[in-house]
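A short write-up of the structure that comes next.
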Amino acid sequence: MSSEGDKYDAALDLLRRLNPVKINSNLQNVINLEPTLAEDLLSSIDVPLKISNDPGFSNREYLCCDYNRDLDSFRSPWSNEYFPKLSDDVLMDSPFPSESLRQLEILCNDSFDVYRDLYYEGGVSSVYLWDLEDDENAEDFAGVVLFKKSNKSKNHWDSVHVVEVVSTNGNTFQYKVTTTIILQLEKDDSESQKLLRLSGNLTRQTEKTLSVDANSLEQTHIAHVTNLGVLIEDVESQMRNLLETVYFEKTRDIFHQVRNGATIEDQLNQTAHAEVIKGLQNL
Amino acid sequence: MSLNFESIVSDIISDSPAGEIKEIYNDLITIAGENAKQTILEAIEQYNIKNALPIDVNGKSVIISEYNRQGTKYFDPKTSTSFSVDHLNRTGLDIESNDVKLTTSQELIYDSLENYIKSNFPGEVAFGLYPIPEEENKIAIIIFGNKYNQGSFWTGDWKSKYVYDIEEKKLTGSIAVQVHYFEDGNVNFEACEKVDLNDVNDVVESLSQVESKFEKDLDSSFTDLNEKQFKVLRRKLPITRSKVSWGKAIGNYRLGKDAAQGK
């Protein structure tokens, strides 16, 4: 019998090999094969974000993932309430950020909403923060910064930045960011019965120690948002370049290593070209 | 094993990249246990036939498909041999001689296909030409090209599959390609197209034109997806062409925008 750890590793390997377009059903299939993996897989595998509306905040859209979920409900960053509504009994144990952290969460949502507008020109953003359990330092926290932009029916970009902010000494904090971007682009020409699809996800981790100089809680919050903002803006820029390289150059290169009708013709052209140059140089 | 278990395994296998089936087999055994072995192997057999994959028969790649199946064995009309298959390792076993042969005109098409393939598929490539039983006017042509480099985290496949009706001069079939890149992620590129041509006199010339056009079209589709679709999902930089000034003043962007919109 394989150990739980072996099974988990095998499940991760399997999920990075199967078609990422079907990540939800693949994930469900693996969980059905081994239900004990459910919790670990649901918290570590990023799937495209779902959009909900917050009836407590003029139906404003917000993003749903495992980090703001309780049972089948999701907490909105706008009204700080779970929808569909949970019963009072359930709510007693539902996760909410502490009062001070909620203030930071509101500030983060405001700031990243401006960022979203500038870079995505549409789409939805949400930030969720939570206090680190069993952590002695009350200043430490973790969270997730989410963006989703779709156009047409099937093209979409989903960013998931999981952050952990831990005080190192005095006024410096270590920021750890694990970023996954899920990107799908499709050209579906049903008339000529053609389909072209690029889909999948890339993950990168970043770590930085930054200072937080502040004399008040408000200043501390602003320093955290600034540090997180600069970090995430950098990571997203790098990831956008990486996605462009992998999606449009890498996969095309690999395709041409499988089929390349141009090679021989090109080589002939190049030889001819070289001869022309040589001829010109001899003039 | 329950019926549900079988359908899950077959779902997973049918979704696998062709060059990674052994890794997926090992993962499934680790997750589901040795008891699942038979179910997984049966799903792989179905997968190999459905996807017309090449089998190593004494050093020669022979494509297996519904067109060259004889009972539990497969045959190669080019060499007039039959063989059974180890589906996990994709190798031929129990190789025997067989009486299915290509006709002289089929041999000519075969040779011309071989020439075409040599100059257009720089990776591994296998192809097959099969008479279709009970339909004397028709032949099936299958091309499977691939390049696998799991050490660099990628695999790529090409498959084209046609039926040529010599009498009606019709060529029908499909082209499908898949590229899988999985270093620190899982990126999949797939493209497919149906082929339906009339007045085909020289089958190899026609399919070569279709396949070259498919390749060229892909290149321009990539450019189009990058320059149009990708760009509208997320900008490289904000319209101001500078990075965001974070901090307390970030709200000014909104004020600026509202002012510009006359709010």
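If you read the protein sequences in the order shown, they are chains A and B.
If you read the first sequence in my numbering, its first letter stands for residue 743, the second for the next number, and so on.
If you read the second sequence in my numbering, its first letter stands for residue 97, the second for the next number, and so on.
C-beta: ideal position from N, C-alpha, C; glycine also.
Mapping the DSSP letters down to three states, classify residue i as helix, strand or coil.
| i | result |
| --- | --- |
| I848 of chain A | helix |
| K339 of chain B | coil |
| F915 of chain A | strand |
| R331 of chain B | coil |
| S270 of chain B | strand |
| H963 of chain A | helix |
| H998 of chain A | helix |
| E232 of chain B | coil |
| P150 of chain B | strand |
| L805 of chain A | strand |
| M97 of chain B | Note that M97 of chain B scores 48 on pLDDT, short of 50, meaning its location in the model is unreliable and no value can be drawn from it. |
| F799 of chain A | coil |
| D207 of chain B | helix |
| Q166 of chain B | strand |
| I140 of chain B | helix |
| R817 of chain A | strand |
| E192 of chain B | strand |
| K749 of chain A | helix |
| I127 of chain B | helix |
Residues bridged to residue i by DSSP?
| i | result |
| --- | --- |
| W899 of chain A | A:K891, A:L925 |
| L937 of chain A | A:D930, B:C288 |
| Y870 of chain A | A:V886 |
| E906 of chain A | A:A884, A:K918 |
| W254 of chain B | B:G241, B:V273 |
| T945 of chain A | A:T922 |
| A222 of chain B | B:F240 |
| Y349 of chain B | Paired residue(s): none; Y349 of chain B is not in a bridge. |
| P227 of chain B | B:I235 |
| I104 of chain B | According to DSSP, which records beta bridges pairwise, I104 of chain B is partnered with nothing at all. |
Nearest to residue i by alpha carbon, out of the options?
| i | options | result |
| --- | --- | --- |
| G167 of chain B | B:F179, B:D111, B:T175 | B:F179 |
| E307 of chain B | B:S215, B:Y349, B:W342 | B:S215 |
| P173 of chain B | B:I140, B:V221, B:I237, B:I127 | B:I237 |
| E286 of chain B | B:Y258, B:D295, B:F318, B:V328 | B:F318 |
| V181 of chain B | B:Y258, B:S157, B:D292 | B:S157 |
| A148 of chain B | B:N282, B:F223, B:S338, B:G281 | B:F223 |
| D195 of chain B | B:T175, B:T187, B:L189, B:L137 | B:T175 |
| S958 of chain A | A:K792, A:L846, A:A884, A:L756 | A:L846 |
| H276 of chain B | A:E991, A:G747, A:N761, A:Y750 | A:N761 |
| Q980 of chain A | A:D930, A:G1003, A:T921 | A:T921 |
| I213 of chain B | B:Y349, B:F101, B:G347, B:S256 | B:S256 |
Could you tell me whether the Cβ of residue i comes closer than 9 angstroms to any Cβ of chain A?
| i | result |
| --- | --- |
| T199 of chain B | no |
| E264 of chain B | no |
| N216 of chain B | yes |
| M97 of chain B | Confidence at M97 of chain B is low in this model, with a pLDDT of 48, below 50, so its placement is unreliable and the value that follows should be read with caution. No, M97 of chain B does not count as interfacial toward chain A. |
| T319 of chain B | yes |
| K133 of chain B | no |
| L204 of chain B | no |
| V277 of chain B | Just to set this straight, residue 277 of chain B is Tyr in the shown sequence, not Val. Y277 of chain B counts as touching chain A. |
| S193 of chain B | no |
So with CB distances below 8 angstroms, who are the chain A contacts of residue i?
| i | result |
| --- | --- |
| N322 of chain B | E986, Y989, F990 |
| K243 of chain B | I996, Q999, V1000 |
List the residues of chain A whose Cβ lies closer than 7 angstroms to the Cβ of residue i, in chain order.
| i | result |
| --- | --- |
| L329 of chain B | K891, N893, N897, W899 |
| T126 of chain B | S744, D748, K749, A752 |
Could you tell me whether the Cβ of residue i comes closer than 9 angstroms to any Cβ of chain B?
| i | result |
| --- | --- |
| Y917 of chain A | no |
| K749 of chain A | yes |
| S744 of chain A | yes |
| L779 of chain A | yes |
| T733 of chain A | A question about residue 733 of chain A goes unanswered here, because the residues of chain A that appear run from 743 up to 1025. |
| G1003 of chain A | yes |
| D859 of chain A | yes |
| R802 of chain A | no |
| L925 of chain A | yes |
| G971 of chain A | yes |
| T914 of chain A | no |
| K792 of chain A | no |
| V887 of chain A | no |
Give the residues of chain A in contact with residue i, contact being defined as C-beta atoms less than 9 angstroms apart.
| i | result |
| --- | --- |
| L49 of chain B | Past the boundaries of the shown model lies residue 49 of chain B; chain B is included only from 97 to 359, so the question cannot be answered. |
For residue i, which residues in chain B fall below 8 angstroms Cβ to Cβ?
| i | result |
| --- | --- |
| P762 of chain A | N282, V283, N284 |
| Q935 of chain A | E289, K290 |
Name the chain B residues that come within less than 7 angstroms of residue i, Cβ to Cβ?
| i | result |
| --- | --- |
| I964 of chain A | G343, K344 |
| G942 of chain A | G281, N282, V283, N284 |
| N766 of chain A | Here the premise fails: no neighbours, minimum Cβ distance about 12 angstroms. |
Would you mind telling me which residues of chain B sit closer than 9 angstroms to residue i, beta carbon to beta carbon, in chain order?
| i | result |
| --- | --- |
| S853 of chain A | V340, W342, G343, I346, G347 |
| E906 of chain A | Correct list: empty, because the minimum Cβ distance to chain B is about 19 angstroms. |
| L775 of chain A | F101, I104, V105, I108, L124, I127, A128, A132 |
Any heavy atom of the ligand FAD within a distance shorter than 8 angstroms of the CB on residue i?
| i | result |
| --- | --- |
| L860 of chain A | In terms of ligand content, the structure shown is empty, and the ligand FAD therefore cannot be addressed. |
Going along chain D in order, which residues have a C-beta closer than 7 angstroms to the C-beta of residue i?
| i | result |
| --- | --- |
| T945 of chain A | Of the protein chains in this structure, namely A and B, none is chain D. |
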